Amino acid sequence: MVIGSDHAGFDLKQTLIPFVRSLGHEVIDVGTNSRDPVDYPDFAEKVAEQILVGRADRGILLCGSGVGASVAANKIPGIRAGNCEDYYSSHQGVEHDDMNVLVLGGRIVGAALAQDMVRAFLGARYTAEERHRRRLAKVAAIEQHPERYREWQRVGGGLNRT
């Protein structure tokens, strides 16, 4: 599995790496390697790359709140990242939504809860029930046709802030 963080998630990442190894998982650490300020999208891309090229099945991504890293990771086709703050979401996201990246807020979630959440995430399996397959197919269709939404931006002028 792969793990990455920005500066705000660095300390929690450092506690999770040995914990994940103690569960019997190999860990690819894609950084950051200090508390020096960095940008979370860079590490969302690094975590996603390891998953998409097949070096890791799942990832853990951390930033201050988890929100920014989750937004960035979910822009990458094939990544299903969930910003979780509780045990239930950490396994339910895998079981129902085939979540492959657990996103945690280093300033939100304490180490003990984070360990419980990581254990739940890594132990969970996608159920592949018909309703979940149907919903994921709809998500994939959204991912495959971004041009549909560009027209909405032109018509309404909203959300396109870049």
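Numbering (this note's numbering) for the sequence shown: 22 to 183.
Beta carbons are placed, not taken as given, at the ideal position from N, Cα and C, and that holds for glycine.
Just so we're clear, the structure is a prediction, and the values are computed from it rather than from any experiment.
Of the residues L123, T36, D118, the one whose Cα lies closest to the Cα of E106 is L123.
With a beta-carbon spacing of about 15 Å, V41 and I72 fall beyond the 8 Å limit used to define contacts. In this structure the segment 120-136 touches the segment 70-85; the number of beta carbon pairs closer than 8 Å is three or more. By the Cβ-count criterion, V176 is exposed, with fewer than 16 other Cβ atoms from all chains shown falling within 10 Å of its own Cβ. In the DSSP annotation of this structure, I97 is not part of any alpha helix (DSSP H), being labelled neither H nor E. Counting other Cβ atoms within 10 Å of its Cβ, A135 reaches 16 or more and is therefore classed as buried. For the options G114, A161, D60, the alpha carbon positioned closest to that of T148 is the one of G114.
In the structure shown, the three-state DSSP call for D32 is helix.
9 Å or more divides the Cβ of A69 from the Cβ of G103.
Scanning its chain for C-beta atoms nearer than 7 Å, with the 5 sequence neighbours on each side dropped, one finds around I38 the residues I24, V48, D50, in chain order. Setting aside the 5 residues that flank it on each side, R152 has no residue in the same chain whose C-beta is closer than 6 Å to its C-beta. With respect to the C-alpha of G30, the residue from A93, G89, G126 having the closest C-alpha is G126.
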